[in-house]
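Every number in my numbering is 842 more than the matching position in the sequence shown, counting from 1. Some notes on the structure that comes next.
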Amino acid sequence: MPILLLIVFALVLFALMLLLWPLALWNRYRVGTSRRQPMRWLTRLNAWLIPASALLFLGGMAITQLFVAHALPYAALGVLAGLATGGLGWALTRVEHRPGQVWYTPNRWLVLALTLVVVARVLGAIWQAWERWRGDHAVLAAWGPLGEPAGLFAVAGLVIGYHAAYAVLLQRRLGPWLR
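This is the structure:
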């Protein structure tokens, strides 16, 4: 009986997570496009730790390369694309200065595009799992790089590269005005 309750609890938790996912995405978009006043210590910390996380991610992908084909090249291309996207994102960011204060607002369209890329990749991963479970590997091969599991690493690299570039550029550009 306790095992049955544990299974039911796990299924209810999974269903709850699926139902709350759109709300979490909406909240992520809302927070990602809000006007912010950066704090000096947090901005400096992010400018060091997020690029370090990107390097650790690439190191992890070098190890994963032993088990998943094309993991490191896809992840590296994703990080490079993310760095470029982060630079574009910072160029499109609106900055407001007042004596002793500064605010910044990220570009809504870019935040929406990144959110949709992550959603598309999650749905693609579910589709890949379904096709693998059915044993239809020919369909996956026809999709080329999008049918490979390493595509997940490319999207992860894109997101971490974007945030690394954005954090460094935020620190560099807003450093003198931060409180």
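From the three backbone atoms N, C-alpha and C, an ideal C-beta is built for every residue, glycine too. Here the structure is a predicted model, which is why all the values come from computation and not from measurement.
Which whole-angstrom value is the C-beta distance of V873 and P991, which I expect to be below 8 angstroms? Translated into positions along the sequence shown, residue 873 becomes position 31. Translated into positions along the sequence shown, residue 991 becomes position 149. V873 to P991, Cβ: 30 angstroms. No contact.
Could you give the C-beta distance for L934 and L922, rounded to a whole number, given that I count them as a contact under 8 angstroms? Taking the first residue of the sequence shown as 1, we reach residue 934 at position 92. Taking the first residue of the sequence shown as 1, we reach residue 922 at position 80. At roughly 19 angstroms, the Cβ-Cβ gap does not stay under 8 angstroms, so L934 and L922 are not in contact.
If you run the structure through DSSP and keep just helix, strand and coil, what is W945? Looking up residue 945 in the sequence shown gives position 103. W945: strand per DSSP, three-state reduction.
Is DSSP giving H979 helix, strand or coil here? Here the question's residue 979 lines up with position 137 in the sequence shown. Three-state DSSP puts H979 in a helix.
What separation, rounded to the nearest whole angstrom, lies between the Cα atoms of M903 and N949? Here residue 903 refers to the residue found at position 61 when the sequence shown is read from its first residue. Here residue 949 refers to the residue found at position 107 when the sequence shown is read from its first residue. Whole-angstrom Cα-Cα distance: 30 angstroms.
Quick one: what's got a C-beta closer than 6 angstroms to W1019's C-beta in the same chain, skipping five residues either side? Stepping through the sequence shown from its first residue, residue 1019 is reached at position 177. Excluding positions up to five away in sequence, the list reads V944.
Beta-carbon contacts of W868 that lie in its chain and below 6 angstroms, excluding the five residues immediately before and after: Position 26 of the sequence shown, counting from 1, holds the residue named residue 868. Nothing meets the Cβ criterion.
Buried or exposed by the 16-neighbour rule on C-beta atoms within 10 Å, applied to P987: Walking along the sequence shown from the start, residue 987 turns up at place 145. Exposed, because fewer than 16 other Cβ atoms sit within 10 Å of the Cβ of P987.
So, A1007 versus W890, is the Cβ gap smaller than 9 angstroms? The sequence position of residue 1007 within the sequence shown is 165, counting from 1. The sequence position of residue 890 within the sequence shown is 48, counting from 1. Contact: no.
For the putative contact between V1001 and G901, defined by C-beta atoms under 8 angstroms, what is the C-beta separation to the nearest angstrom? Residue numbering aside, residue 1001 sits at position 159 when the sequence shown is read from its first letter. Residue numbering aside, residue 901 sits at position 59 when the sequence shown is read from its first letter. In fact, because the Cβ distance is near 17 angstroms, the residues do not count as touching under 8 angstroms.
Inter-residue Cα distance where the pair is R877 and I849: As a working note, residue 877 is residue 35 in the sequence shown. As a working note, residue 849 is residue 7 in the sequence shown. Going from the Cα of R877 to the Cα of I849 covers about 43 angstroms.
Would F851 be called buried (16 or more neighbouring beta carbons within 10 Å of its own) or exposed? Residue mapping note: residue 851 aligns to position 9 of the sequence shown, counting from 1. Exposed, by the Cβ-count rule.
Less than 9 angstroms between the C-beta atoms of T927 and L956, yes or no? The sequence position of residue 927 within the sequence shown is 85, counting from 1. The sequence position of residue 956 within the sequence shown is 114, counting from 1. Yes, the Cβ-Cβ distance between T927 and L956 is below 9 angstroms.
Whose C-beta lies closer than 6 angstroms to the C-beta of A913 among residues of the same chain, with five residues either side of it excluded? As a first step, residue 913 is located in the sequence shown; it is residue number 71 there, counting from the start. So the qualifying residues of the chain are M903, T906, Q907, A992, F995.
Name the DSSP beta bridge partners of V937, please? The count along the sequence shown starts at 1 and reaches residue 937 at position 95. V937 is bridged to Y946.
Can you name, in chain order, every residue of its own chain whose Cβ lies under 6 angstroms from the Cβ of G920, other than the five neighbours on each side? Residue 920 sits at position 78 when you count from the first residue of the sequence shown. A996, G999, L1000, listed in sequence order.
Taking 8 angstroms as the limit between beta carbons, can you name the residues of its chain near P893, skipping five residues before and five after? For the purposes of this step, residue 893 is taken as residue 51 along the sequence shown, with counting starting at 1. Cβ neighbours of P893 within its own chain (closer than 8 angstroms, five residues either side excluded): A1006, A1009, V1010.
Which first and last residues belong to the alpha helix (DSSP H) in which S876 is found? For the purposes of this step, residue 876 is taken as residue 34 along the sequence shown, with counting starting at 1. No alpha helix (DSSP H) contains S876, which DSSP labels as neither H nor E.
Is there a Cβ from chain C that is less than 9 angstroms from the Cβ of V1001? Among the chains of the structure shown, chain C does not appear; only one protein chain is present.
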